[in-house]
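One gets the working numbering by counting positions in the sequence shown from 1 and adding 1258 to each.
Beta carbons: idealized from backbone N, C-alpha and C, even for Gly.
Input: a single structure, listed below in structure tokens.
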Amino acid sequence: MEVSLSSAGTLRALRRLVRALRLADRAAEARLGLSAAQLFVLERLAEGPAGSMAELAGRTFTDASSVSVVVQRLGARGLVVRATAPDDARRTTLRLSAAGRRLLVTAPRSPQAELLDALEQLSAGERKELERLLEQVVRGMGIDESAPSPMFFEGEPRLGRRRARTPGARARTRSRG
């Protein structure tokens, strides 16, 4: 299969983009103990409390189920506070905790915020064309368009968190039993 120079250039640009996002995610994890997606949610909540999970999903350009998982993790760390809405006891509001605000003071910007800034530098027509072309690539790859598109790297298994156990290690563990 022969690849044109323009396709090769496109592939290189996509690789650089994905690599930068992946490295920023790892850096956030190492420095803050948060994923880049969690940092992005904190940044969006710094803009002001969210009246619902759906509102926060809109701010993060994802679906409510994806952002809910992130909020749950942030809440467990005491960085986000869930409270009953003052005007409707059936609804939950979300806001940064004091610890969440303190963390953001020293945190780098999330790669998602940087990506959004770069996209905003394109004209509306260029953004629409980029979206159209990326959707065409997704279809061409046979990727299920109805599948959820979770936040970058959130929920992905992270290599290196647990040491992989070799078959020999499992046998040694069983023999100690």
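Proximal residues to V1329 (C-beta, below 8 Å), its chain only, five neighbours per side dropped: V1299, M1311, L1314, V1338, R1340, L1352
Pairwise C-alpha distance: P1344 and G1333: 20 Å
Pair within 8 Å by beta-carbon distance, A1294 and P1369: yes
Beta-carbon gap between L1281 and L1290 smaller than 8 Å: no
Nearest to R1359 (by Cα), restricted to the options G1306, E1287, A1288: G1306
Beta-carbon separation (whole angstroms), L1436 vs A1304, contact threshold 8 Å: One cannot answer for residue 1436 here, as it falls past the ends of the chain, which runs 1259 to 1435.
Cβ pair L1380, L1374 closer than 8 Å: no
Residue range of the unbroken alpha helix (DSSP H) whose run includes D1346: Not the alpha helix (DSSP H): D1346 falls in the beta strand (DSSP E), residues 1346-1354.
Residue burial classification, E1384 (beta-carbon count within 10 angstroms, cutoff 16): exposed
Under the three-state DSSP convention, the category A1365 falls into: coil
Within-8 Å CB hit, G1291 to chain D: The chain labelled as chain D is not found in the depicted structure, where only one protein chain is given.
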